[in-house]
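Right, one structure below, let's go through it.
Number of protein chains: 2
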Amino acid sequence: MTSANVADRIVCAVMAGGSGTRFWPLSRKHEPKQLLQFFGDKTLLRVTVDRIAPLCPPERRLCVTAGHLRDAVQAVLPELGPGQILAEPAPRNTAPCMAIAAIVAEQIAPDAILVLLPSDHFVADAAAFREAILRAAAFADRGHVVTLGIQPTTPETGYGYIQLGDALGEGGYAVERFVEKPSLETAEQYLIGGKHLWNAGVFVIRADKALASLDAHVPEIGRTLAELRGGKHRFDTEAFEALLRVTFPNCPNVSIDYGVAEHETDIRCVRLDAGWSDVGTWHSLLGLRPEGENNFVHGPVLAVDSHHSVLISKGPFLAAVGLRDMAVVATDDATLVLPLDRSQDVRLVVAELSKLGRADLL
Amino acid sequence: MTSANVADRIVCAVMAGGSGTRFWPLSRKHEPKQLLQFFGDKTLLRVTVDRIAPLCPPERRLCVTAGHLRDAVQAVLPELGPGQILAEPAPRNTAPCMAIAAIVAEQIAPDAILVLLPSDHFVADAAAFREAILRAAAFADRGHVVTLGIQPTTPETGYGYIQLGDALGEGGYAVERFVEKPSLETAEQYLIGGKHLWNAGVFVIRADKALASLDAHVPEIGRTLAELRGGKHRFDTEAFEALLRVTFPNCPNVSIDYGVAEHETDIRCVRLDAGWSDVGTWHSLLGLRPEGENNFVHGPVLAVDSHHSVLISKGPFLAAVGLRDMAVVATDDATLVLPLDRSQDVRLVVAELSKLGRADLL
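Residue numbers (the working numbering), protein chains in the order written: chain S, 638 to 999; chain E, 638 to 999.
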C-alpha cells in the first residue's frame, strides 16, 4: 500500500496488436478490427481509450501494438507521445506485452497500477466499466491479480470462464479457477448456476506484481527483457525502443492467462454487468444493433424486407432484398456474403485467399 | 413468291433497344442486358447476331436500338455500316421498330423477308434456331406472319403463349390465338396439353407484308413514317437518319403482338426446341449454368459450400459461404443480394434508387 490515491496511479495499457481476420473483408492486415469503425465514426481503439480516459490522463496511457500498425495507432491516438506506443517487432501473445507495459508503467508512475485491456471490445455502459476498474484497482493495490468477469447472457462455448469463489464485498470475488471453452451443456449449466463469469481479458495488477509474477512463472521473459527493465533507458528514448526491437522477439509466446493467471493464487474477480461484447464475429454485431432496429447497418445500405442481418458497406451501394440472418459486407475490392450462423467460416475464405496468393486482399 | 432463294432474301433486324433493369446492378441505362457478358466474353447482342449470321451476311443485318446505345452497339457490331444501326430517338415499343426495319429491308433486298428478333435471349442450339428460322421464312414467303414457339419446360406464368392449331408439316402450325401471362393452373395445363408454346418474341414476315399489316391495323405508323417509306432517301444517308429522328417519336407506342399478331389471321408458328431462355431474371441464369456446376458463377468468385446460387462479380472479389438459392451480384459501385425466388424484386431497389435521386447508380 502506498500513500497516493489508487486512481492517481492507474496506467492503462491498451493491447492493440491483434491481426484478427474474422472481420474480413473489412479487417485487413493493415486495418485490423481495432481500427474499424463499427459504431459511428470512431474506431474501436479510440472508443476503448475514451472509455477509460477519465481514469488516466494522456501521460498515463500506453498502447502496445504491432510494428506495422504503429502509424495507424498514432493517428487514432494523437495524444500519445514518444514511447507511449510500444511497437512489438513480432507477436508474442499477451504475457510479454504485460511485461513491457509494466516496465514502462513503473517509469511513468511510482507504484503504478496497470490496467491491461483489449482494444477491440464493446461496452455499452462506460461508467459502469470505469467503476469496475476502480474496484479492481483497489484489489490490485493489495497485491492481487484482478480480472473483470462478465455476467453471461448466453451459453457461449467460445469464451473463457471464471469460476467464482467467495464474495468479498465491493463487487469482488475470489477466483476458484479458469475454464476455457466449455461444452454447450457445461456452458448452459454455468448460465443457470450463476457461479461462472466470462473472462473479459482485462487484467488489473500492480506493475511490480506483474513483473514479479512473470519472474516466478515465466522467468524467460524477465531474463530476455532484463536490460529494458534495468531502468538505464527511459521508455521515451530511442535507445529504449531500439533495445525493445532487438530483445522482444526473444520472449516466449505466452498468454497472461496461461503464464500468470493459472499459476497465481488469490486472484480476484470484479463482476461487470455493463453490456459487454467481445465483438468476435459478424454475428456478434447483430446483438449490438441500435434498439428497435431490425438489422445492423453501416454505410450506404438499402434494406428491403430484410431482417436480423448485418449489412455493411465501405464503398459500394449495397442493396439487400428479402434477407434473413445474413451477413453482407462490401468493400471496394472484396465482398463477403454468408449466413450469420456461418460467421466463423470467414476463416475458410481467408485461408483460401492466402493459398491463392491474394495478399492484396488480406 | 419470287424467283430468288428465300435464304438469300433474309434481312435480320435485331431489336436492341431494351433498357431492362431486372439485372441491376449489372445492367445500367448505358449498359442494358443485351450488352452484358453473361456467358464467356461475348455480349448477348453479339451472340444473338452470331447465331443468325450464317443466314444473313453483314449487309443484310440491321440493329434497332436506342439513341444513347448507338455507340455501344456499333462497338459490339463493327460489321454494320452507315444506316444499319437504326437509333430510335424515343422508345415506341416493337411495332414502329418493325416498320422502320421493314422500310430499310426493302431497300436492302428485293422481296426481303424480315426476321425480327430480340437481342438478349439465350439459345443453346444455334443450328436448330437457324433451321427454324429458315422454315419460318418459307411460310413467311407465302405471306404469313410467322412466330417461333418454344416448347415449354415449366409452367411459366410470366410468358406469352401461342395456342397451336393444325400441324401443317415442315414444323409449322396454324395459330389459334395468343394468350398473355396465364394463371399457374392454366400454365400447368398448357404444359401437359402440348398445344401451347412460349412466344419467343421472334417474328418472321415479308417486309412488304409487315408494312401492309401495319397499315391495316395501326395506320398511324404508316402515316407517320410515310416520307421515310417513300424511298426518296436511301437508308444509309444522313437525310434518312434526320427524317427518322424527327418523325419516329410521333409513332404510337404499340407492340407487334398487339398491333399485328392479334389482328392477323393465318398466322403460322414454327416450333423450336433448342434450349431457349429469355434470360429474364437472375433466377433464370441458374438454369443456364454449365452442366455439372452447382452455381452460376461469373468473375472473381470464391464459393465455399454454396449451392444453387448465382454469384457474379464485375470487379470486387466475391466470397460466398454457405449460400443456398441466392443471387449475389457485385460491381465496383453497387452490390445486390437477394434470394433467387425474390429475383423480381430487384425492381423495388431500382425504384428506390430512382426515388433517392441516385441516377449515378442506374
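Even for Gly, the Cβ is constructed at its ideal location relative to N, Cα and C.
- Message: At a CB distance below 9 Å, what residues from the region 657–671 of chain E approach chain S? Give them in sequence order.
- Response: So the list reads Trp-661 and Pro-662, given in the order they occur along the chain.
- Can you pull the chain S residues whose beta carbon is under 9 Å from the beta carbon of Glu-989(E), in chain order? Your numbering for residue 989(E) matches position 352 in the second sequence. Those within 9 Å of Glu-989(E) in chain S are Leu-939, Val-941 and Ala-956.
- Query: Which chain S residues are close to Ala-967(E), counting only those with a beta carbon under 8 Å from its beta carbon?
  - Reply: The residue you call residue 967(E) lines up with position 330 of the second sequence. By Cβ distance, chain S contributes Pro-953, Ala-967 and Thr-972.
- Inside the region 911–944 of chain S only - beta strand (DSSP E) runs reaching at least 3 residues: Contiguous beta strand (DSSP E) elements confined to the region 911–944 of chain S occur at 933–935 and 938–941, taking only those with 3 or more residues.
- For Gly-795(E), which residues from the same chain have a beta carbon less than 8 Å from its beta carbon, with the 5 sequence-adjacent residues on both sides left out? As a first step, residue 795(E) must be located in the second sequence, where it is residue number 158. Shown here for Gly-795(E): same chain residues with a beta carbon closer than 8 Å to its own, the five before and five after excluded, namely Lys-818 and Gly-917 in chain order.
- Query: Can you name, in chain order, every residue of its own chain whose Cβ lies under 6 Å from the Cβ of His-935(S), other than the five neighbours on each side?
  - Reply: In the first sequence, the residue the question calls residue 935(S) occupies position 298. Correct list, in chain order: Ile-949.
- Could you pull the start and end residues of the alpha helix (DSSP H) that Gln-711(E) belongs to? For the purposes of this step, residue 711(E) is taken as the residue at position 74 of the second sequence. Looking at the DSSP string, the run of the alpha helix (DSSP H) that includes Gln-711(E) is 707–713.
- Counting pairs of Cβ atoms below 8 Å between the region 657–665 of chain S and the region 708–719 of chain S, do you hit three or more? Taking 8 Å as the limit for Cβ pairs, the verdict is that the region 708–719 of chain S does not touch the region 657–665 of chain S.
- Are the Cβ atoms of Arg-697(S) and Val-648(S) separated by less than 8 Å? Here residue 697(S) is taken as the residue at index 60 of the first sequence, counted from 1. Here residue 648(S) is taken as the residue at index 11 of the first sequence, counted from 1. Contact: yes.
- Could you confirm whether any beta carbon from chain S is found closer than 8 Å to the beta carbon of Arg-926(E)? Counting from one through the second sequence, the residue named residue 926(E) turns up at place 289. So, not an interface residue.
- Could one say the Cβ of Pro-747(S) lies closer than 8 Å to chain E's Cβ atoms, at least one of them? Your numbering for residue 747(S) matches position 110 in the first sequence. The beta carbon of Pro-747(S) sits no closer than 8 Å to any beta carbon of chain E.
- Message: Beta-carbon within less than 6 Å of Arg-646(S)'s beta-carbon, same chain only, minus the 5 sequence neighbours each way: which residues are those?
- Response: In the first sequence, the residue the question calls residue 646(S) occupies position 9. Correct list, in chain order: Ala-746, Asp-748, Ala-749 and Ile-750.
- Query: Can you round the beta-carbon distance between Ala-837(E) and Leu-922(E) to whole angstroms, since I take them to be within the 8 Å contact cut?
  - Reply: As a working note, residue 837(E) is residue 200 in the second sequence. As a working note, residue 922(E) is residue 285 in the second sequence. Contact between Ala-837(E) and Leu-922(E) is absent: CB atoms are separated by about 18 Å, not below the 8 Å threshold.
- Task: Could you spell out the range, first to last residue, of the beta strand (DSSP E) harbouring Glu-817(E)?
- Result: Here residue 817(E) refers to the residue found at position 180 when the second sequence is read from its first residue. That run of the beta strand (DSSP E) goes 809–817.
- Query: In chain E, what lies closer than 8 Å to Val-934(S) by C-beta?
  - Reply: Here residue 934(S) is taken as the residue at index 297 of the first sequence, counted from 1. Counting only Cβ-Cβ distances below 8 Å, Val-934(S) has no contacts in chain E at all, with the closest Cβ about 13 Å away.
- Partner residues on chain E for Leu-985(S), Cβ-Cβ distance less than 7 Å: Mapped onto the first sequence, residue 985(S) falls at position 348. Chain E residues near Leu-985(S): Val-941 and Val-958.
- Query: DSSP three-state call for Phe-877(S): helix, strand or coil?
  - Reply: Here the question's residue 877(S) lines up with position 240 in the first sequence. DSSP, read as helix, strand or coil, puts Phe-877(S) in helix.
- Message: Cutting at 7 Å between CB atoms, please list the residues of its own chain near Gly-896(S), excluding the five before and the five after it.
- Response: For the purposes of this step, residue 896(S) is taken as residue 259 along the first sequence, with counting starting at 1. So the qualifying residues of the chain are Ala-732, Leu-851, His-854 and Val-855.
- Excluding five sequence neighbours on each side, which residues of the same chain lie with their C-beta closer than 7 Å to the C-beta of Thr-639(S)? Here residue 639(S) refers to the residue found at position 2 when the first sequence is read from its first residue. Since pLDDT at Thr-639(S) reaches only 49, below the 50 mark, its modelled position is unreliable, and the value read off the structure follows with that caveat. Hits under 7 Å: Asp-748.
- Query: Going straight from the alpha carbon of Val-907(E) to that of Tyr-827(E), what length do you get?
  - Reply: Residue numbering aside, residue 907(E) sits at position 270 when the second sequence is read from its first letter. Residue numbering aside, residue 827(E) sits at position 190 when the second sequence is read from its first letter. So the alpha carbons of these two residues sit roughly 17 Å apart.
- Task: Give a yes or no on whether 8 Å exceeds the smallest Cβ distance from Arg-814(S) to chain E.
- Result: Counted from its first residue, the first sequence places residue 814(S) at position 177. Output row for Arg-814(S): interface = no.
- What is the C-beta distance between Ala-709(E) and Leu-862(E), in whole angstroms, given that I count them as a contact (C-beta under 8 Å)? Against the second sequence, residue 709(E) aligns to sequence position 72. Against the second sequence, residue 862(E) aligns to sequence position 225. About 25 Å; that fails the 8 Å criterion.
- Message: Taking the beta strand (DSSP E) that Ile-829(S) belongs to, which residues open and close that run?
- Response: Start at 1 with the first residue of the first sequence, and residue 829(S) comes out as number 192. According to the DSSP assignment, Ile-829(S) belongs to no beta strand (DSSP E) but to the alpha helix (DSSP H) extending over 821–830.
- What's the call for Arg-871(S), buried or exposed, on a 16-neighbour Cβ count within 10 Å? If you number the first sequence from 1, residue 871(S) lands on position 234. Burial check for Arg-871(S): the Cβ neighbour count within 10 Å stays below 16, so the residue is exposed.
- By Cβ distance, which residues of its chain are closer than 6 Å to Ala-956(S), with the 5 residues on each side in sequence left out? Residue numbering aside, residue 956(S) sits at position 319 when the first sequence is read from its first letter. Within the same chain, Cβ atoms closer than 6 Å to the Cβ of Ala-956(S) are found at Leu-939, the five residues on either side in sequence being excluded.
- How many whole angstroms separate the CB atoms of Asn-932(S) and Ser-943(S), which I take to be in contact at a CB cut-off of 8 Å? The residue given as residue 932(S) occupies position 295 in the first sequence. The residue given as residue 943(S) occupies position 306 in the first sequence. The pair is a contact, with the Cβ atoms about 6 Å apart (cut-off 8 Å).
- Buried/exposed call for Thr-685(E), threshold 16 Cβ in 10 Å: If you number the second sequence from 1, residue 685(E) lands on position 48. Buried: at least 16 other Cβ atoms inside 10 Å.
- Message: I'd like the list of long-range same chain contacts for Pro-886(S), defined as Cβ closer than 6 Å, with 5 residues on each side in sequence excluded.
- Response: Residue 886(S) sits at position 249 when you count from the first residue of the first sequence. Close CB contacts of Pro-886(S) within its chain, under the 6 Å cut and outside five residues either way in sequence, are with Pro-726 and Ala-727 (chain order).
- Query: Helix, strand or coil for Pro-755(S) per DSSP?
  - Reply: Counting from one through the first sequence, the residue named residue 755(S) turns up at place 118. Assigned with DSSP and collapsed to three states, Pro-755(S) falls in strand.
- Query: Pairing CB atoms from the region 776–796 of chain S with CB atoms from the region 669–686 of chain S, are three or more of them under 8 Å?
  - Reply: Verdict: no, contact absent.
- Message: Check for me: the beta strand (DSSP E) holding His-833(E) runs from which residue to which?
- Response: As a position in the second sequence, residue 833(E) is number 196, starting the count at 1. Where His-833(E) is concerned, the enclosing beta strand (DSSP E) starts and stops at 833–843.
- Beta carbon of Arg-767(S) nearer than 8 Å to that of Ile-689(S): Within the first sequence, the letter at position 130 stands for residue 767(S). Within the first sequence, the letter at position 52 stands for residue 689(S). In contact: Arg-767(S) and Ile-689(S) (Cβ atoms closer than 8 Å).
- Query: Where Asp-678(E) and Ala-765(E) are concerned, what is the direct C-alpha to C-alpha distance, given to the nearest angstrom?
  - Reply: Within the second sequence, the letter at position 41 stands for residue 678(E). Within the second sequence, the letter at position 128 stands for residue 765(E). Asp-678(E) and Ala-765(E): Cα-Cα distance of roughly 23 Å.
- Query: Three or more C-beta pairs closer than 8 Å, one from the region 778–793 of chain S and one from the region 838–848 of chain S: is that the case here?
  - Reply: Touching, yes.
- Message: Report the start-end ranges of each alpha helix (DSSP H) in the region 641–714 of chain S that is 4 residues or longer and not cut off at the edges.
- Response: Runs of alpha helix (DSSP H) with 4 or more residues, each lying fully within the region 641–714 of chain S, are found at 681–689 and 707–713, listed in chain order.
- Ala-724(E): first and last residue of the uninterrupted alpha helix (DSSP H) it sits in: Along the second sequence, one-based indexing puts residue 724(E) at 87. Where Ala-724(E) is concerned, there is no enclosing alpha helix (DSSP H), although the beta strand (DSSP E) it sits in stretches over 722–725.
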